[in-house]
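Q: Using our numbering, the first residue of the sequence shown is number -1, and each one after it goes up by one.
To start, I am sharing the structure in question, which I have written as C-alpha cells.
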Amino acid sequence: MRQRGDERGWALLDALLEDETAPGLAELAGAVLGLPERGRYAVAVVPAPVRTVGNRPCDAHGMRFLWRSRPDREIAVVALGDADPAAVAALLSDGGPGPGGVSPVVDGLSALGTARRLADAALLACGPAGEAVVCLDGRVPAALVAGQPALAAYLATDVFGPLLARDPADRALLVSTLDAWLECGGSAGRTAVRLCCHRNTVLNRLRRLEVLTSRSLSRPRELVELMLALDAVRLVPGADPSPSGG
C-alpha cells in the first residue's frame, strides 16, 4: 500500500511539473506527498549525464528536495522553507560541476509547471559549455536569447558581422574588451585594471568596435543590441559570426 501511495504521489508531482491543471490536483498531490499546497517552491533542472542519484541532495538547510528523472535531465522540486533559490544553486554546485538552472520562487504546487519552464530557461542561459548552476534572476536577457537560436544567430551576424574582415585575434580582442567593459559596469578604468592595460587603450578599442558595428555604446537601444549579440555569441552554437564558429 505504501508503494502504491508513493507511485501515486510521484505521478501527481509529474502532472504538476507538466502544467496539468485538473481541479484539486495540487491539493491532492500535497496531501499524498506531505507538502503544503501553498508555500515557497522552486524547481531546479540539471542535465542527466551530469548528476547521478549518488550526488543529488535531499533535505538540507531547511529545504526539501523531491527528484524526478527524465531521459535527458534531472528535475528537483524544492520546498524552500525560508531559503531562496541562490541556496539551491549553491547546494547543487557543491555536488559537482554544472550546468544547471534554478527557477525563481513560485507560490504553491499549482505553479510548479511555470517554475519548471523558468528553470529550463535558466539552464539555457548557462550556454553549451556552462559549468555553473545558475538562478534565472539576473539572466533573463541571456535566457531569452538562448531560447531563440535562429534569431540569436541573425542578431550576432547583424551586429558583429563587420568584424569578419578583421584579424581573428583583433576581433577576439575587441569583443572581449566589450565583455569586460560590460562586466565592469561601463567603467573604462575598472576595465583597464581587469585587462591589465591603460584606460585609453580600453577607450580606443571600444571606439573601434563602435565604428565597425555602426552602433554607439552611448545610445541605449544600440547598447542593448550589442549586449544581446554578445550573449548570442556566448550561448548559442552557430551564432558566433567568425569563420571558425568560435
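The C-beta atom is built at its ideal place from N, Cα and C for all residues, glycine as well.
Buried or exposed for GLU5, please, with buried defined as at least 16 other CB atoms from any protein chain shown within 10 angstroms of its CB.
A: Indexing the sequence shown from 1 puts residue 5 at position 7. Around the beta carbon of GLU5, fewer than 16 other beta carbons sit within 10 angstroms, so the residue counts as exposed.
Q: Just tell me which of VAL222, PRO21, VAL41 and TRP8 has its CA closest to the CA of GLY32.
A: For the purposes of this step, residue 32 is taken as residue 34 along the sequence shown, with counting starting at 1. For GLY32, the nearest C-alpha among the options comes from TRP8.
Q: Between GLY98 and LEU121, which are expected to be in contact by the criterion C-beta below 8 Å, what is the C-beta distance as a whole number of angstroms?
A: By one-based count along the sequence shown, residue 98 stands at place 100. By one-based count along the sequence shown, residue 121 stands at place 123. With a Cβ gap of about 6 Å, GLY98 and LEU121 count as contacting.
Q: Looking at ALA186: is its Cβ nearer than 7 Å to the Cβ of LEU201?
A: Mapped onto the sequence shown, residue 186 falls at position 188. Mapped onto the sequence shown, residue 201 falls at position 203. Yes, Cβ-Cβ distance for ALA186 and LEU201 is below 7 Å.
Q: Look up LEU267 in the DSSP assignment and give the residues it is bridged to.
A: Since the first residue shown for the chain is -1 and the last is 244, residue 267 is missing from the structure and cannot be characterised.
Q: Can the beta-carbon of VAL100 be found closer than 7 Å to that of VAL86?
A: As a position in the sequence shown, residue 100 is number 102, starting the count at 1. As a position in the sequence shown, residue 86 is number 88, starting the count at 1. Taking 7 Å as the cut-off, the Cβ atoms of VAL100 and VAL86 count as close.
Q: Would you report the Cα separation of GLY28 and PRO21, rounded to the nearest angstrom?
A: As a working mapping, residue 28 is identified with position 30 in the sequence shown. As a working mapping, residue 21 is identified with position 23 in the sequence shown. Whole-angstrom Cα-Cα distance: 13 Å.
Q: Which ranges does the alpha helix (DSSP H) cover as unbroken runs of at least 4 residues, wholly within the region 185 to 235, from first to last along the chain?
A: You should have 186 to 193, 197 to 211 and 218 to 233.
Q: I need the straight-line Cα distance from ALA227 to ALA150, nearest angstrom please.
A: Taking the sequence shown and counting its residues from 1, the one referred to as residue 227 is at position 229. Taking the sequence shown and counting its residues from 1, the one referred to as residue 150 is at position 152. The alpha-carbon atoms of ALA227 and ALA150 are separated by roughly 7 Å.
Q: Is ARG169 helix, strand or coil by DSSP?
A: In the sequence shown, residue 169 corresponds to position 171, counting from 1. Here ARG169 sits in helix by DSSP.
Q: With distances taken between CB atoms, is the gap from ALA170 to LEU193 smaller than 7 Å?
A: Within the sequence shown, numbered from 1, the residue matching residue 170 stands at position 172. Within the sequence shown, numbered from 1, the residue matching residue 193 stands at position 195. No, Cβ-Cβ distance for ALA170 and LEU193 is not below 7 Å.
Q: Going by alpha carbons, who is nearest to ARG206 out of THR189, LEU221, VAL30 and LEU161?
A: Numbered from its first residue, the sequence shown carries residue 206 at position 208. For ARG206, the nearest C-alpha among the options comes from LEU161.
Q: For ARG197 and ALA88, I'd like the C-alpha separation in whole angstroms.
A: As a first step, residue 197 must be located in the sequence shown, where it is residue number 199. As a first step, residue 88 must be located in the sequence shown, where it is residue number 90. So the two alpha carbons sit approximately 35 Å from each other.
Q: Taking the alpha carbon of PRO69 as the point to measure from, which residue in LEU11, ALA46, ARG188 and SER216 has its own alpha carbon closest?
A: In the sequence shown, counting from the first residue as 1, residue 69 sits at position 71. Checked all of LEU11, ALA46, ARG188 and SER216; the closest Cα to PRO69 is ALA46.
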